[in-house]
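Chemist: Chains as they are written, first to last, in our numbering: chain A, 213 to 495; chain B, 178 to 316.
Structure below; questions to follow.
So this is what it looks like as structure tokens:
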């Protein structure tokens, strides 16, 4: 008589929900998801954008972990909760390896061999780039691009444990064929009307102009800072220069901005750990 | 259990009467009265049927199981006689006139992940632990 695993296919008859049943179930599920109402996302064709595609890979990886219930080897370092997550940084390192023309297109993050940090996360959120126009020129003749993300939509009780800025790079213009470029991301600390903004260097990568794929920049500290001080969120600046310090514009370096295809739009993705356990009331 | 107590308390009662105090075994009830034993039932929730496929990216729906059914003797794997006697004694000490009735409820729960858009078209992947019933039993 063991009741524990008798999954009996009940005779539950499949039928259309009546209107009041549908509303009742919708209300119940929204309360489980912790949503005040059902979201109404605006952008058409959004499913094919870069962020949803990336997130769908993570979802599939997470679902496989759940189905197989495989115990993830504890990630090296201090594990997930510590300052340095072996899994995550190893993964970030893995994905940030310089792109080479021989390197296969980067597998989706989820496919990376070490997704233990993903398994530790309670929530992952991707943010669309809000900057309407791509500024591409500075006062000191320095080319740069601006990116803004609204991190105020984060549900209460979530703490950022890892965050990355992802921008796609196509092959650069032929004239830079064998040139090595340095792509640098800064946090904008203070803006001024008639001179360049004050900035804080976050991360930089060296890539060959002829390479293609996703560039991943770790911006965990900045994201945490913006969540705690949303008024100080002035966005990111990205610039590209040759190794001898000459600034070149994004397009000729092959970096894809807002003008590029939906599937290659830059976005920010943040991993969260719930700081307090949200208990669902029994119904 | 109450029947059992009466049976022990009045030994001199005729065997026939004792028969009536025995908890009815499954075989004694006719089909209409026999309630189903505690088990897991499936309730598939389709987000498409709810008209939500424009903002929920994955999954398309999920099997939301629920537990229902009668918890009576014979005991199951979780409530062996010793545990039952302990529960019985403890409850009796606290509420002498209550007869504890085991209830049909989840014994194992699974997590479920949902991928959806928020109002600003940001994408949220959230894991809900202990959300889906995996197995039921008598508590």
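A virtual CB, placed ideally from N, CA and C, is assigned to each residue, including glycine.
Note that this is a predicted model, so its numbers are computed, not measured.
Would you please verify whether the beta carbon of residue 237 (chain A) is less than 8 Å from any beta carbon of chain B?
Modeler: For the purposes of this step, residue 237 (chain A) is taken as residue 25 along the first chain, with counting starting at 1. Judged by the 8 Å Cβ criterion, residue 237 (chain A) is in contact with chain B.
Chemist: Would you decide whether residue 252 (chain A) is buried or exposed? Buried here means 16 or more other CB atoms lie within 10 Å of its CB.
Modeler: As a working note, residue 252 (chain A) is residue 40 in the first chain. With fewer than 16 other Cβ atoms within 10 Å, it is exposed.
Chemist: Could you check which residue in A:335, A:450, A:247 and A:423 has the C-alpha nearest to that of residue 274 (chain A)?
Modeler: The residue given as residue 274 (chain A) occupies position 62 in the first chain. Answer by Cα proximity: A:335.
Chemist: If you pair each beta-carbon of the region 434-443 of chain A with each one of the region 363-373 of chain A, do three or more pairs fall below 8 Å?
Modeler: As far as the Cβ criterion goes, the region 434-443 of chain A touches the region 363-373 of chain A, which means the pair count is three or higher.
Chemist: Which first and last residues belong to the alpha helix (DSSP H) in which residue 237 (chain A) is found?
Modeler: Your numbering for residue 237 (chain A) matches position 25 in the first chain. That run of the alpha helix (DSSP H) goes 231-245.
Chemist: Less than 7 Å separating the Cβ of residue 417 (chain A) from some heavy atom of the ligand SAH?
Modeler: Looking at this structure, you won't find the ligand SAH or any other ligand, since it has none at all.
Chemist: In the DSSP assignment, what residue or residues form a beta bridge with residue 335 (chain A)?
Modeler: In the first chain, counting from the first residue as 1, residue 335 (chain A) sits at position 123. Paired residue(s): A:484 and B:303.
Chemist: Using DSSP with H/G/I as helix, E/B as strand and the rest coil, what is residue 442 (chain A)?
Modeler: Within the first chain, the letter at position 230 stands for residue 442 (chain A). Note: residue 442 (chain A) maps to helix in three-state DSSP.
Chemist: Return the CA-CA distance between residue 304 (chain B) and residue 238 (chain B), expressed in angstroms with no decimal places.
Modeler: For the purposes of this step, residue 304 (chain B) is taken as the residue at position 127 of the second chain. For the purposes of this step, residue 238 (chain B) is taken as the residue at position 61 of the second chain. Going by the C-alpha atoms only, they are around 15 Å apart.
Chemist: Should residue 267 (chain A) go down as buried or exposed, given a rule of 16 or more other Cβ atoms within 10 Å for buried?
Modeler: The sequence position of residue 267 (chain A) within the first chain is 55, counting from 1. Residue 267 (chain A) should be labelled buried.
Chemist: Counting only Cβ pairs nearer than 8 Å, list the residues of chain A close to residue 294 (chain B).
Modeler: Working through the second chain from its first residue, we reach residue 294 (chain B) at position 117. Simply 251, 253, 258 and 264.
Chemist: Would the beta-carbon of residue 432 (chain A) fall within 8 Å of that of residue 372 (chain A)?
Modeler: The residue given as residue 432 (chain A) occupies position 220 in the first chain. The residue given as residue 372 (chain A) occupies position 160 in the first chain. Contact: yes.
Chemist: When the cut-off is 8 Å and only beta carbons count, does residue 304 (chain B) lie next to chain A?
Modeler: Residue 304 (chain B) sits at position 127 when you count from the first residue of the second chain. It does; some Cβ of chain A falls within 8 Å.
Chemist: Indicate whether at least one CB of chain A lies closer than 8 Å to the CB of residue 300 (chain B).
Modeler: Against the second chain, residue 300 (chain B) aligns to sequence position 123. Interface residue, yes.
Chemist: Along chain A, which residues have their Cβ under 7 Å away from the Cβ of residue 227 (chain B)?
Modeler: By 1-based counting over the second chain, the position of residue 227 (chain B) is 50. The contacting residues are 234, 237 and 238.
Chemist: So residue 262 (chain A) and residue 477 (chain A) are supposed to be a Cβ contact under 8 Å. How far apart are they, rounded?
Modeler: Here the question's residue 262 (chain A) lines up with position 50 in the first chain. Here the question's residue 477 (chain A) lines up with position 265 in the first chain. Their Cβ separation, rounded to whole angstroms, is 5 Å, which keeps residue 262 (chain A) and residue 477 (chain A) in contact under 8 Å.
Chemist: Please classify residue 284 (chain B) as buried or exposed, where buried requires at least 16 neighbouring CB atoms within 10 angstroms.
Modeler: Within the second chain, residue 284 (chain B) is the residue found at index 107, counting from 1. So residue 284 (chain B) counts as buried.
Chemist: For residue 212 (chain B), which three-state DSSP category applies?
Modeler: If you number the second chain from 1, residue 212 (chain B) lands on position 35. Residue state, collapsed to three classes: coil.
Chemist: Output yes if chain B places a C-beta closer than 8 Å to the C-beta of residue 379 (chain A); else output no.
Modeler: If you number the first chain from 1, residue 379 (chain A) lands on position 167. No, because no Cβ of chain B sits closer than 8 Å to the Cβ of residue 379 (chain A).
Chemist: Terminal residues of the continuous alpha helix (DSSP H) containing residue 391 (chain A)?
Modeler: One-based indexing of the first chain puts residue 391 (chain A) at position 179. Per DSSP, residue 391 (chain A) belongs to no alpha helix (DSSP H) and is neither H nor E.
Chemist: Between which two residues does the beta strand (DSSP E) carrying residue 264 (chain B) extend?
Modeler: Start at 1 with the first residue of the second chain, and residue 264 (chain B) comes out as number 87. Element bounds for residue 264 (chain B): not the beta strand (DSSP E) but the alpha helix (DSSP H), 258-271.
Chemist: Would you say residue 448 (chain A) reaches chain B, if we count a Cβ-Cβ gap shorter than 8 Å as a contact?
Modeler: On the first chain, position 236 is the one that residue 448 (chain A) refers to. False, the Cβ-Cβ gap to chain B never drops below 8 Å.
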